[in-house]
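*Asks:* Structure incoming, see below.
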Amino acid sequence: MKILVVHGPNLNMLGKREPGIYGVATLDEINAAISVLAQELGCDVTFVQANGEGALVEAIHGALGCCDGILINPAAYTHTSVALRDAIAAVGLPAVEVHLSNIHCREEFRHHSFIAPVAVGQIAGFGPDSYLLGLRALFTHIKKGIV
Ligand code: DQA
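Note that the working numbering has the sequence shown beginning at 1, numbered continuously upward.
Next comes the structure, spelled out in structure tokens:
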């Protein structure tokens, strides 16, 4: 099983970026923890981070035919991007949406997700563990063959 892990805009700044909200772990450290869990589960992971919407859309398109699912933190595009939502719908792969912070108890504009309706589910508020919980959930979902 192969999973594409997608990190949206500004997540390359993790570690420095608003540590009171997003914590002090860097993106490399988060990716390393995801890799350890992936190895434990027996799946392959590939990572992409981009700050532009187009590059993220291209990365999602690229998953078609080579990946079984998508673990995505769409970051700010969660709340704005019909293009990312349509890309996920277009490839038809199961996707799990994750957020470090609990977007539902932050500013009102973060409460709405354009991605949620095309995702299997959403995990938010557990810091870097959101990715690990999301990977476990996606792995289990794919194993059950519910796509
Ligand atoms: C985020 C939450 C978004 O609202 C924000 O724009 C981000 C990060 C999170 O992981 O908590 O960039 O997706």
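For every residue, glycine included, the Cβ atom is placed at its ideal position computed from N, Cα and C.
With three or more beta-carbon pairs closer than 8 Å as the criterion, would you say the region 16-28 touches the region 59-75?
*Replies:* no
*Asks:* Going by beta-carbon coordinates alone, are residue 119 and residue 88 separated by less than 9 Å?
*Replies:* yes
*Asks:* Between which two residues does the beta strand (DSSP E) harbouring residue 143 extend?
*Replies:* Unbroken run through residue 143 is the alpha helix (DSSP H), 129-143; no beta strand (DSSP E).
*Asks:* Indicate, with yes or no, if the ligand DQA has a heavy atom lying under 8 Å from the CB of residue 21.
*Replies:* When distances are taken from the beta-carbon of residue 21 to the heavy atoms of the ligand DQA, the shortest one is below 8 Å.
*Asks:* DSSP on residue 44, reduced to helix/strand/coil?
*Replies:* strand
*Asks:* Excluding five sequence neighbours on each side, which residues of the same chain lie with their C-beta closer than 8 Å to the C-beta of residue 117?
*Replies:* 85
*Asks:* Round the Cβ separation of residue 142 and residue 68 to the nearest angstrom and send it over; I've been treating them as touching at under 8 Å.
*Replies:* Correct: roughly 5 Å between the Cβ atoms.
*Asks:* Could I get the ranges of all uninterrupted beta strand (DSSP E) runs contained in the region 54-133, with 3 residues as the minimum, in chain order?
*Replies:* 69-73, 95-99, 121-124
*Asks:* Assign residue 80 to buried or exposed, taking buried as 16 or more other Cβ atoms, counted over all protein chains shown, within 10 Å of its Cβ.
*Replies:* exposed
*Asks:* Let me know if residue 34 comes out buried or exposed under the rule of 16 or more other beta-carbons within 10 Å of its beta-carbon.
*Replies:* Around the beta carbon of residue 34, a 10 Å sphere encloses 16 or more other beta carbons of the protein chains shown; the residue is thus reported as buried.
*Asks:* Would residue 8 and residue 94 be called neighbours here (beta carbons separated by less than 9 Å)?
*Replies:* No Cβ-Cβ contact shorter than 9 Å links residue 8 with residue 94.
*Asks:* Short check: CB of residue 37 to CB of residue 11, under 9 Å?
*Replies:* no
*Asks:* Go ahead and pull the three-state DSSP assignment for residue 4.
*Replies:* strand
*Asks:* Heavy atom of the ligand DQA less than 8 Å from the Cβ of residue 12, yes or no?
*Replies:* No, the ligand DQA has no heavy atom inside 8 Å of this Cβ.
*Asks:* Please indicate yes or no: does the CB of residue 78 lie closer than 8 Å to some heavy atom of the ligand DQA?
*Replies:* yes
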